[in-house]
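These protein sequence lines are chains A and B, in that order.
Each residue of the first sequence is one higher than the last, beginning at 27 in the numbering used here.
Each residue of the second sequence is one higher than the last, beginning at 66 in the numbering used here.
What follows is a single structure, written as structure tokens, with notes after it.
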Amino acid sequence: GENVEQHPSTLSVQEGDSAVIKCTYSDSASNYFPWYKQELGKRPQLIIDIRSNVGEKKDQRIAVTLNKTAKHFSLHITETQPEDSAVYFCAGGAGRRALTFGSGTRLQVQP
Amino acid sequence: KAGVTQTPRYLIKTRGQQVTLSCSPISGHRSVSWYQQTPGQGLQFLFEYFSETQRNKGNFPGRFSGRQFSNSRSEMNVSTLELGDSALYLCASSLAGVGATEAFFGQGTRLTVV
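Next up, the structure:
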């Protein structure tokens, strides 16, 4: 089955700096890669996703890149703000297989 | 439209007991997945149901089981509870068309085993 590895497990940045979280996957059949943000005490919510026919996708301060050959994808957050502090999960999926999640990254943005 | 609803929100059980958790998906969603979330362990996949059939299963012991009803609502059951079963249990629903799609999570049920 699919195995998704995520790092770092914790990340601390200064407000205004950029943050990068990286994930690797094992199953070459995976073709859908969402990123979820989970604030303290809340449910995970989708913030951005990418499909394997696209190499990069942006949404305001958030971008995701995908390298199919190397089987890794990354989340980039620019101009970080305190409200970006949360746990971020990457995931990989394909067809009718349930999403496999990474172990999460706790991002702390220092004001 | 209503989101994914999980009940109850909180549960306290004693070791050896059993528990049933419920998940109502978004209307029209036929796939329901269950995840266990513990500090430092991320989201561990339990199982996925689609049209009342278990389609995928994670690496959990047989004490963890589930089912899905004709209206797509799903229940998860844990028998002979252990202290290590204390966790936040999240369910997620999706359209489950061809090709993986976004999963929408419920608020979760926090289970504490004492």
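All C-beta atoms in this analysis are idealised placements derived from N, C-alpha and C, irrespective of residue type, glycine included.
At a C-beta separation below 9 Å, A/Tyr58 has these neighbours in chain B: Gly164, Ala165, Thr166 and Glu167. Judged by their CB atoms, A/Val113 and A/Leu101 are not nearer to each other than the 7 Å cut-off. Counting C-beta pairs with one atom in each stretch, the region 27–40 of chain A and the region 116–127 of chain A have three or more that are closer than 8 Å, which means they touch. With 16 or more other Cβ atoms inside 10 Å of its own Cβ, B/Leu146 counts as buried. In this structure, B/Arg128 is the residue among B/Gly123, B/Ser89, B/Thr72 and B/Arg128 with its C-alpha nearest to the C-alpha of B/Asp150.
Per the Cβ contact rule, the region 69–78 of chain B is in contact with the region 166–179 of chain B (3 or more Cβ pairs under 8 Å). With fewer than 16 neighbouring CB atoms inside 10 Å of its own CB, B/Ala67 falls in the exposed class. Here B/Ala157 is buried: its Cβ has 16 or more other Cβ atoms, across all protein chains shown, within 10 Å. By the rule that beta-carbons nearer than 7 Å mark a contact, A/Arg132 does not touch chain B. Under the three-state reduction of DSSP output, B/Leu148 falls in the helix class. By the C-beta density criterion, A/Glu109 is exposed, having fewer than 16 other C-beta atoms within 10 angstroms. Listed along chain A are Arg122, each with a C-beta nearer than 7 Å to that of B/Ala161. With fewer than 16 other Cβ atoms from the protein chains shown falling within 10 Å of its own Cβ, A/Ala96 counts as exposed.
Counting only runs of 3 or more residues that sit fully inside the region 104–142 of chain B, the beta strand (DSSP E) segments are 107–115, 118–122 and 129–133, in chain order. CA-to-CA, the gap between A/Glu41 and B/Gln119 works out to about 45 Å.
Pairing B/Gln109 with B/Ala161, the inter-Cα distance amounts to about 20 Å. A/Pro60 carries a strand assignment under DSSP once its states are collapsed to helix, strand and coil. Within the region 35–57 of chain A, the residues whose Cβ lies closer than 9 Å to some Cβ of chain B are Ser35, Ser56 and Asn57, listed in chain order.
Just measuring C-alpha positions, the residue of B/Ser135, B/Ser139 and B/His94 sitting nearest B/Thr72 is B/Ser139. In this structure A/Gln107 does not touch A/Ser38 by the C-beta definition: roughly 14 Å separates them, more than the 8 Å allowed. Proximity to A/Pro137 across A/Asp53, A/Ser56, A/Asn79 and A/Asp43 peaks at A/Asp43, based on C-alpha coordinates.
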